[in-house]
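Colleague:
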């Protein structure tokens, strides 16, 4: 029986051209290609475009098929299988779980990396990566129950002078993406319950929309101003800044349209 | 006068094939291509190989030329200029500074992302990205002066149950790379002064060497065991884990050769 393999290939941020050359080479040499678009999704392309551009038939799996993973593992025992994943390759627990199961079956595995929202957003804003604390994800409240953990993460980071990357909910089953506006609203609602003055109308927040695309929207302003804006199509991400270095203030001013009066005020702190 | 532009292109982690297709397209359409290898370096390739593979002449700048940036900015005023950077595009302050200066001169700028050590290392280890606190960089002590800030970062993350990515010093001018062994030694020396029991001989540490290459070395064990090992050619990175989820322990066991007895012990905590 031929020896199979399972390679996780990161597709990167936005469209079919964010994959690395290494990833594309490997994809094209694969006998079977799987992908899933439920943990995240490439907004700048479609399944059809990807298949045409890569020159490969891709089997797109839903959540249940990915989590069960039997289809993937069965093929990977004897065939050269690739599994395409948005962003970098192993960010979701499901993918780690799949890799462990493959290793347990004696299948050779490999990871080919892709570009990720975790470094793209700081980079676009000109904020220093080593000044970010823990990343958090804001999910839609269910039955008016607001999960406070993102608020706690922001609070803890802010108290340590650190920035927080806030990723926003994506519900693949209902094709629903949280906008930066909804995220701000949810954070203000949590604030109104917690009352620690972490997120107020006058707080400085950064919004990045469509990272990886040709014209990502990158903006920094007070919450009360951002609330009124339309950031366009998904994905949106937020950054709640901690203490800002003068170069970071300059970056937000020049690269993220931070208003003059705010930049001046921040430089004086 | 024609309108110039300056595009920062992330080369990714290891060799000339880690660039994205988008990055390569843009590079090949550029009139002038600059790069620098002093903030980081692609270990799996050479300047010659890059030029041949990309089909472009690349002007490699040293630290002084990059920081002064006059050569780049002058060309970017009227020409389509690309600036190639290791990892994702804007991780070093110098690059952010360069972008701000270009914007101030009315030059159109763009960022094309690359894969980064910041997500690659957690991914290879199967550790969850959102459980990482602040990243730190360990530099060589000068005149026997040991900078304690990496130790403080690890301590603060550990106290909050978070993992720490520890990047290791690279001194381009003397072509010197810190090995994981030296890093461990330095951390133990800092520990012997600080005495907070954050890094001891029995602490669990993870080492990743040559992330992005075909066969990265990925290993998790006690410091006293790792100290004896040879991790091969650079770059090396460390992760000091905080609290581990059972799936993370399983990942370290199966993907990073964490010894059976340690995996069992950790699962019981």
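Residue numbers (this note's numbering), protein chains in the order written: chain A, 837 to 1105; chain B, 837 to 1105.
Heads up, the beta-carbon is just placed ideally off N, CA and C, and yes, glycines get one too.
Since this is a predicted model, take the numbers as computed values, not measurements.
(1) Distance, Cα to Cα, residue 1068 of chain B vs residue 1022 of chain A?
(2) Between B/881, B/1098, B/1081, B/1100, which has its C-alpha nearest residue 929 of chain A's C-alpha?
(3) Please list the partners that residue 966 of chain B has in chain A, where partner means a Cβ-to-Cβ separation under 8 angstroms.
(4) In its own chain, which residues sit with a C-beta less than 8 angstroms from the C-beta of residue 840 of chain A, not counting the 5 before and 5 after it?
(5) State yes or no: is the beta carbon of residue 939 of chain A nearer than 8 angstroms to at least one beta carbon in chain B?
(6) At a cut of 8 angstroms, does the stretch 983-1002 of chain A reach the stretch 873-882 of chain A through at least three beta carbon pairs?
(7) Looking at chain B, which residues of the stretch 1073-1093 of chain A have a Cβ within less than 9 angstroms of any of its Cβ atoms?
(8) Suppose the cutoff is 8 angstroms on Cβ atoms and the five residues either side in sequence are ignored; what does the same chain contact list for residue 996 of chain A look like?
(9) Work out the CA separation of residue 980 of chain B and residue 858 of chain B for me, nearest whole Å.
(10) Would you say residue 923 of chain B and residue 947 of chain A are within 8 angstroms of each other, going by their C-beta atoms?
(11) Residues in its own chain within less than 7 angstroms of residue 906 of chain A by CB, not counting five upstream and five downstream?
(12) For residue 903 of chain A, which residues from the same chain have a beta carbon less than 7 angstroms from its beta carbon, with the 5 sequence-adjacent residues on both sides left out?
(13) So which residues of chain A does residue 947 of chain B contact, with C-beta pairs closer than 7 angstroms?
(14) Do residue 1063 of chain A and residue 1017 of chain A have their C-beta atoms within less than 8 angstroms of each other?
(15) Mind the definition here: the stretch 851-865 of chain A touches the stretch 849-864 of chain B only if three or more C-beta pairs lie below 8 angstroms; say whether that holds.
(16) For the stretch 887-898 of chain B against the stretch 882-895 of chain A, are there 3 or more C-beta pairs whose distance is under 8 angstroms?
(17) Around the Cβ of residue 1002 of chain A, are there at least 16 other Cβ atoms within 10 angstroms (buried) or fewer (exposed)?
(18) Going by beta carbon distance, what residues of the same chain come within less than 8 angstroms of residue 1052 of chain A, once the five residues before and after it are set aside?
(19) Between the stretch 1022-1051 of chain B and chain A, which residues of the former have CB atoms less than 7 angstroms from a CB of the latter, in chain order?
(20) Reducing DSSP to helix, strand and coil, say where residue 922 of chain B ends up.
(21) Taking 8 angstroms as the threshold (C-beta atoms), are residue 1085 of chain B and residue 1035 of chain B in contact?
(22) If we call anything under 8 angstroms between Cβ atoms a contact, is residue 897 of chain A one with residue 870 of chain A?
(23) By DSSP, does residue 1031 of chain A sit in helix, in strand, or in coil?
(24) Counting only beta-carbon separations shorter than 8 angstroms, does residue 1005 of chain A have a partner in chain B?
(25) Are residue 955 of chain A and residue 927 of chain B close, meaning C-beta to C-beta below 8 angstroms?
(26) Counting C-beta neighbours from all protein chains within 10 Å, is the total for residue 940 of chain B 16 or more, i.e. buried, or is it exposed?
(27) Whose Cβ in chain B lies nearer than 7 angstroms to the Cβ of residue 849 of chain A?
(28) Apart from the five residues just before and just after residue 1088 of chain A, which ones in its own chain have a Cβ nearer than 6 angstroms to its Cβ?
(29) Using the DSSP secondary-structure output, state which residues sit across from residue 845 of chain B in a beta bridge.
(30) Does the beta carbon of residue 875 of chain A come closer than 8 angstroms to any beta carbon on chain B?
(31) Given a limit of 9 angstroms on CB to CB distance, which residues of the stretch 982-1009 of chain B reach chain A?
(32) Is DSSP giving residue 839 of chain B helix, strand or coil here?
(33) Would you call residue 964 of chain B buried or exposed, if buried means 16 or more other Cβ atoms sit within 10 Å of its Cβ?
(34) In whole angstroms, what is the alpha-carbon distance linking residue 884 of chain A and residue 863 of chain B?
(35) Run through the stretch 972-1052 of chain A for me and flag every whole beta strand (DSSP E) of 3 or more residues, listed as ranges in chain order.
(36) Whose C-beta lies closer than 7 angstroms to the C-beta of residue 876 of chain B among residues of the same chain, with five residues either side of it excluded?
Modeller: Taking the coordinates as given:
(1) Counting from one through the second chain, the residue named residue 1068 of chain B turns up at place 232. Counting from one through the first chain, the residue named residue 1022 of chain A turns up at place 186. Distance between residue 1068 of chain B and residue 1022 of chain A, taken at the CA atoms: about 49 angstroms.
(2) For the purposes of this step, residue 929 of chain A is taken as residue 93 along the first chain, with counting starting at 1. Among B/881, B/1098, B/1081, B/1100, the Cα nearest to that of residue 929 of chain A is on B/1081.
(3) One-based indexing of the second chain puts residue 966 of chain B at position 130. When 8 angstroms is used as the limit between beta carbons, residue 966 of chain B is near these residues of chain A: 970, 971, 972, 973, in chain order.
(4) For this step, residue 840 of chain A is matched to residue 4 along the first chain. Excluding residues within five positions, the ones whose Cβ falls inside 8 angstroms are 911, 912, 913, 914, 915, 916, 917, 943, 944.
(5) If you number the first chain from 1, residue 939 of chain A lands on position 103. Output row for residue 939 of chain A: interface = yes.
(6) The stretch 983-1002 of chain A vs the stretch 873-882 of chain A: no contact.
(7) The stretch 1073-1093 of chain A vs chain B, Cβ under 9 angstroms: 1081, 1083, 1084, 1086, 1087, 1089, 1090, 1091.
(8) Translated into the one-based positions of the first chain, residue 996 of chain A becomes position 160. Hits under 8 angstroms: 969, 1078.
(9) Taking the first residue of the second chain as 1, we reach residue 858 of chain B at position 22. Taking the first residue of the second chain as 1, we reach residue 980 of chain B at position 144. The C-alpha of residue 858 of chain B lies about 45 angstroms from the C-alpha of residue 980 of chain B.
(10) Residue mapping note: residue 923 of chain B aligns to position 87 of the second chain, counting from 1. Residue mapping note: residue 947 of chain A aligns to position 111 of the first chain, counting from 1. Residue 923 of chain B places its beta carbon 8 angstroms or farther from that of residue 947 of chain A.
(11) On the first chain, residue 906 of chain A is found 70 positions in, with the first residue counted as 1. Cβ neighbours of residue 906 of chain A beyond the five flanking positions: none.
(12) On the first chain, residue 903 of chain A is found 67 positions in, with the first residue counted as 1. Within the same chain, 930 come within 7 angstroms of residue 903 of chain A by CB-CB distance, once the 5 residues on both sides are set aside.
(13) Reading the second chain from its first residue, position 111 is the one you call residue 947 of chain B. Within chain A, the C-beta atoms nearer than 7 angstroms to that of residue 947 of chain B come from 959, 960, in chain order.
(14) Looking up residue 1063 of chain A in the first chain gives position 227. Looking up residue 1017 of chain A in the first chain gives position 181. In this structure, residue 1017 of chain A lies closer than 8 angstroms to residue 1063 of chain A by Cβ.
(15) Below 8 angstroms, enough C-beta pairs join the stretch 851-865 of chain A and the stretch 849-864 of chain B to call them touching: three or more.
(16) Not touching, per the Cβ criterion.
(17) Residue mapping note: residue 1002 of chain A aligns to position 166 of the first chain, counting from 1. Buried, by the Cβ-count rule.
(18) Taking the first residue of the first chain as 1, we reach residue 1052 of chain A at position 216. Setting aside the 5 residues that flank it on each side, residue 1052 of chain A is surrounded in the same chain by 960, 1044, 1045, 1046, each with a C-beta closer than 8 angstroms to its C-beta; the list follows chain order.
(19) For the stretch 1022-1051 of chain B, which is checked against every Cβ of chain A, the residues closer than 7 angstroms are 1048.
(20) Along the second chain, read from residue 1 onward, the residue named residue 922 of chain B stands at position 86. Secondary structure of residue 922 of chain B (DSSP, three-state): coil.
(21) The residue labelled residue 1035 of chain B in the question sits at position 199 within the second chain. The residue labelled residue 1085 of chain B in the question sits at position 249 within the second chain. Going by C-beta atoms, residue 1035 of chain B is not nearer than 8 angstroms to residue 1085 of chain B.
(22) Taking the first chain and counting its residues from 1, the one referred to as residue 897 of chain A is at position 61. Taking the first chain and counting its residues from 1, the one referred to as residue 870 of chain A is at position 34. Their beta carbons are under 8 angstroms apart, which means residue 897 of chain A touches residue 870 of chain A by this criterion.
(23) Counting from one through the first chain, the residue named residue 1031 of chain A turns up at place 195. In the three-state reduction of the DSSP assignment, residue 1031 of chain A falls in the coil class.
(24) For the purposes of this step, residue 1005 of chain A is identified with residue 169 of the first chain, where counting begins at 1. No, residue 1005 of chain A lies away from the interface with chain B (no Cβ there is under 8 angstroms from its Cβ).
(25) Locating residue 955 of chain A in the first chain gives position 119, counting from the first residue. Locating residue 927 of chain B in the second chain gives position 91, counting from the first residue. In this structure, the beta-carbon distance from residue 955 of chain A to residue 927 of chain B falls below 8 angstroms.
(26) Here residue 940 of chain B is taken as the residue at index 104 of the second chain, counted from 1. Burial call: exposed.
(27) As a working note, residue 849 of chain A is residue 13 in the first chain. Those are 949, listed as they occur along chain B.
(28) Counting from one through the first chain, the residue named residue 1088 of chain A turns up at place 252. These residues qualify, in order along the chain: 1056, 1094.
(29) Reading the second chain from its first residue, position 9 is the one you call residue 845 of chain B. Looking at the DSSP output, residue 845 of chain B shares a beta bridge with B/920, B/948.
(30) Residue 875 of chain A sits at position 39 when you count from the first residue of the first chain. Not one chain B Cβ lies under 8 angstroms of residue 875 of chain A.
(31) Considering only beta carbons, the part of the stretch 982-1009 of chain B lying closer than 9 angstroms to chain A consists of 989, 992, 993, 996, 998, 1003, in chain order.
(32) Taking the first residue of the second chain as 1, we reach residue 839 of chain B at position 3. Coil.
(33) What you label residue 964 of chain B is simply residue 128 of the second chain in a count that begins at 1. Buried.
(34) As a position in the first chain, residue 884 of chain A is number 48, starting the count at 1. As a position in the second chain, residue 863 of chain B is number 27, starting the count at 1. Cα-Cα distance, rounded: 27 angstroms.
(35) Entirely contained in the stretch 972-1052 of chain A, the beta strand (DSSP E) runs reaching 3 residues are, in chain order, 972-974, 1000-1004, 1040-1045.
(36) Looking up residue 876 of chain B in the second chain gives position 40. Once the five neighbours on either side are set aside, the close Cβ partners of residue 876 of chain B are 922, 923, 1006.
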